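The working numbering puts the first residue of the sequence shown at 211, with every later residue one more than the last.
Below is one structure, written out as C-alpha cells; the observations come after it.
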Amino acid sequence: MQLDPNTGDLFTDQGVFLKRMHCPLDKSWSDLSTTDSPRVRHCGNCSNTVHDTAAMTDHDLVELLRQNPHACLKVTYTQPNCTLRSS
Numbered sequence: 211m212q213l214d215p216n217t218g219d220l221f222t223d224q225g226v227f228l229k230r231m232h233c234p235l236d237k238s239w240s241d242l243s244t245t246d247s248p249r250v251r252h253c254g255n256c257s258n259t260v261h262d263t264a265a266m267t268d269h270d271l272v273e274l275l276r277q278n279p280h281a282c283l284k285v286t287y288t289q290p291n292c293t294l295r296s297s
C-alpha cells in the first residue's frame with residue numbers, strides 16, 4: 211500500500227485510490243480497547259472497529275474496504291507494507 215502523508219490518501223501498490231485516512235478523534239492505537247484479535251481494536255468514543263493494516267496485503271485491504279468502505283484503519287509510515295508517496 212501507499213500513503214500520501216500530505217493528504218492522508220491511501221492507495222494500492224499499483225496506485226489505485228482506496229480511501230482518505232481521517233479520524234477527527236486523533237486516537238492512538240494504545241488508546242483503543244483490545245479485542246480477541248491482536249490486529250483489531252475498538253474505539254469507545256465512536257464505537258468503531260479499527261483494523262491494523264501492518265500485516266495486510268493489498269488484496270486483504272481491498273476486500274475489507276469492499277465489504278465496509280468506511281472501515282477505520284491503522285496505518286503507520288514505518289510498517290513494512292507501506293510506502294510513502296507525494297501528491
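Where a beta carbon is used, it is the ideal one built from N, C-alpha and C, also for glycine.
Remember, predicted model here, so these are calculated numbers, not experimental data.
Are the region 277-292 and the region 253-261 in contact at 8 Å, needing three or more beta carbon pairs? yes
On the premise that residue 213 lies in contact with residue 294, defined as a C-beta separation below 8 Å, what is that separation, rounded to the nearest angstrom? 6 Å
How should residue 235 be labelled, buried or exposed, when 16 other C-beta atoms within 10 angstroms of its C-beta is the threshold for buried? exposed
Whose C-beta lies closer than 7 Å to the C-beta of residue 245 among residues of the same chain, with five residues either side of it excluded? 251 and 252
To test your reading of the DSSP string, which unbroken beta strand (DSSP E) runs of 3 or more residues are found completely within the region 227-251? 227-230
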